[in-house]
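Asker:
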Amino acid sequence: MSWASIVGQSRAKEILRVSLQRNRLAHAYLFIGQEGSGKYAIALELAKVINCEHGQEEACDNCASCRKFKTLQHPNLKLIFPLPVGRYEKSNDPPLAKLNDDDIIAIQEQLNLKASNPYHKISLLRANTIKINSIREIRRQAALTIFGQGKKVFIIIDADKMSDEASNALLKTLEEPHPDTLLILTTTSVESLLPTIISRCQLIRLDPLGEDVIAQALHENRNIELQRSKTIARSVNGNYTKALRYIDADYEDRQNKAIGLLRAMLMKSRMAVLEEIEKLIDNYQKPEIEDILRLMQQWLQDSMLLKEGIKSEYPLPSTEAHEKFINHYPDWDYAGSFGAIDRAVSLLGKNVYIPLLLIDLTFKLKKFTGIASSNR
Ligand SMILES: [Zn+2]
66 MSWASIVGQS RAKEILRVSL QRNRLAHAYL FIGQEGSGKY AIALELAKVI NCEHGQEEAC
126 DNCASCRKFK TLQHPNLKLI FPLPVGRYEK SNDPPLAKLN DDDIIAIQEQ LNLKASNPYH
186 KISLLRANTI KINSIREIRR QAALTIFGQG KKVFIIIDAD KMSDEASNAL LKTLEEPHPD
246 TLLILTTTSV ESLLPTIISR CQLIRLDPLG EDVIAQALHE NRNIELQRSK TIARSVNGNY
306 TKALRYIDAD YEDRQNKAIG LLRAMLMKSR MAVLEEIEKL IDNYQKPEIE DILRLMQQWL
366 QDSMLLKEGI KSEYPLPSTE AHEKFINHYP DWDYAGSFGA IDRAVSLLGK NVYIPLLLID
426 LTFKLKKFTG IASSNR
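Residue numbers (our numbering): 66 to 441.
(1) Which residue or residues does DSSP assign as beta-bridge partners of Arg270?
(2) What are the boundary residues of the alpha helix (DSSP H) that Val83 is part of?
(3) Just to check, is the beta-carbon of Asn127 closer than 7 Å to a non-hydrogen atom of ligand 1?
(4) Drop a sphere of 10 angstroms on the beta-carbon of Ser130, count the other beta-carbons inside from all chains shown, and report buried for 16 or more, exposed for fewer.
(5) I need the boundaries of the alpha helix (DSSP H) containing Val218, first residue and last residue.
(6) Considering only residues of the same chain and omitting the five flanking positions on each side of Leu422, which have a CB-CB separation below 8 Å?
(7) What residue range is occupied by the uninterrupted alpha helix (DSSP H) comprising Lys431?
(8) Taking three-plus beta-carbon pairs below 8 Å as touching, is the region 390 to 403 in contact with the region 425 to 434?
(9) Kindly examine ligand 1 and report whether one of its heavy atoms sits closer than 7 Å to the Cβ of Ala124.
(10) Thinking Ile354 and Ile419 are a contact (beta carbons under 8 Å), I'd like their distance in whole angstroms, please.
(11) Excluding the 5 residues preceding and the 5 following Pro149 in the sequence, name in chain order all residues of the same chain whose CB lies nearer than 8 Å to its CB.
(12) Sort Gln214, Lys217, Gly215, Arg204 by Cα distance to Ala234 and report the nearest one.
(13) Kindly list the residues whose CB is nearer than 7 Å to the CB of Glu122, restricted to its own chain and excluding five residues on each side of it in sequence; keep chain order.
(14) Going by other Cβ atoms of all chains shown within 10 Å of its Cβ, with 16 needed for buried, is Pro244 buried or exposed?
(15) What does DSSP give as the partner residues of Ile145 in its beta bridges?
(16) Verify whether the separation of the beta carbon atoms of Phe96 and Ala108 is less than 8 Å.
(17) Pull up the distance between the alpha-carbon of Glu240 and that of Arg265, whole angstroms please.
(18) Quick one: grab the DSSP three-state call for Leu164.
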């Protein structure tokens with residue numbers, strides 16, 4: 066039952082099941098896959114199976130151990146992820162020791178969200194790197210007695226965020242594996258890891274999730290109406306985390322914002338666009354602004370398909386706005402606009418001042434209209 070709760074990834078699940086069946090697990094795994102592909106969900110499931118009192122390749126989801134996993138309270142499970150650095154923190158302090166109360170509360174909230182949804186992405190302020198303190202903690206914890214008959218499992222989320230010192234400390238741990246310990250590293254960018262770390266792990270690459278797989282999961286596991294599931298699935302680029310965020314956070318609202326912003330950028334005065342941008346920044350966080358830009362890009366893409374007469378696999382909710390756009394901008398440079406939005410999204414991830422970035426995008430989009438800009 067429990068492997069089935071993981072969306073897609075049948076290949077990775079099969080590899081792990083066979084290893085469990087034959088009792089031939091590696092000491093360390095590295096799960097590589099894009100954002101929202103389920104790296105952590107699989108890691109957690111593997112940890113649960115290993116510690117289940119009844120299961121061999123499948124967790125029972127019912128025993129005391131499995132129940133502790135549900136709340137992430139199992140003493141054999143340790144999650145390691147980027148944390149803020151406390152005041153006067155030294156590298157041999159326990160990772161949470163010098164953090165203030167607000168940080169501790171925020172971490173607890175994030176862990177609760179992660180327990181209720183393994184696809185949740187942990188997000189903490191000022192948490193840019195995995196600290197050496199967290200990696201040192203592995204050794205200390207590994208030396209303690211195991212609870213039950215399982216193994217201690219350390220899941221290092223976003224392992225590419227390890228500081229250099231943390232990477233070197235982890236390397237030592239990997240070189241002398243503890244027999245009752247399993248390390249699972251997850252990453253979206255394997256090239257950021259030390260080659261010596263990579264070579265000591267068994268690599269498992271996760272496949273990008275297909276639109277149909279995501280649509281089906283939203284429909285069957287989350288009771289989302291089929292047409293809406295399909296619409297959301299095609300907007301998330303294989304990212305199930307984002308798909309779940311869209312069902313919670315009202316996909317339609319984001320899409321309307323995207324179209325509204327595009328309209329403002331093309332039609333309104335610079336002052337009015339600035340006001341629009343300020344409103345956006347007041348109401349939305351960076352990942353949400355990224356969503357809005359991506360939805361704008363997708364909306365333009367749909368216009369292009371409609372113009373070219375290419376029938377999309379999914380029917381558009383409404384073609385009226387697209388048709389207006391196509392008639393108004395017959396010479397729109399689609400490729401140029403897709404590139405400009407890609408660049409804006411990539412800058413968004415790099416701490417560029419957001420209003421500036423969006424004003425810059427406005428100028429660029431106006432150039433792609435194919436209409437001379439002298440009267441604007
Ligand atoms: Zn169990």
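Beta carbons are placed, not taken as given, at the ideal position from N, Cα and C, and that holds for glycine.
Answerer: Looking at the atomic coordinates:
(1) Partner(s): Ile97.
(2) Residues 75 to 86.
(3) For ligand 1, at least one heavy atom lies less than 7 Å from the Cβ of Asn127.
(4) Its Cβ being crowded by 16 or more others within 10 Å, Ser130 is buried.
(5) Counting along the chain, Val218 sits inside no alpha helix (DSSP H); it lies in the beta strand (DSSP E) bounded by residues 217 to 221.
(6) Ala409, Leu412, Leu413.
(7) Counting along the chain, the unbroken alpha helix (DSSP H) around Lys431 starts and ends at 419 to 432.
(8) Two segments are said to touch when three or more pairs of C-beta atoms, one from each, lie closer than 8 Å; by this definition the region 390 to 403 touches the region 425 to 434.
(9) Answer for Ala124: yes, Cβ within range of ligand 1.
(10) The Cβ separation is near 7 Å, so the contact holds.
(11) Its chain contains Leu164, Asp168, Leu189, Leu190, Arg191, Ala192 as the residues whose beta carbon lies nearer than 8 Å to that of Pro149, once the 5 sequence neighbours on both sides are disregarded; these appear in chain order.
(12) Of all alpha-carbon atoms in Gln214, Lys217, Gly215, Arg204, the one lying nearest the alpha-carbon of Ala234 is that of Arg204.
(13) Cβ within range, chain order: Arg82, Leu85, Gln86, Val114.
(14) By the neighbour-count rule (16 or more Cβ atoms within 10 Å), Pro244 is not buried but exposed.
(15) Residue pairing by DSSP places Ile145 opposite Ile221 in a beta bridge.
(16) Yes, the Cβ-Cβ distance between Phe96 and Ala108 is below 8 Å.
(17) Looking at the two C-alpha atoms, the distance is approximately 8 Å.
(18) Of the three classes helix, strand and coil, the one that applies to Leu164 here is coil, per DSSP.
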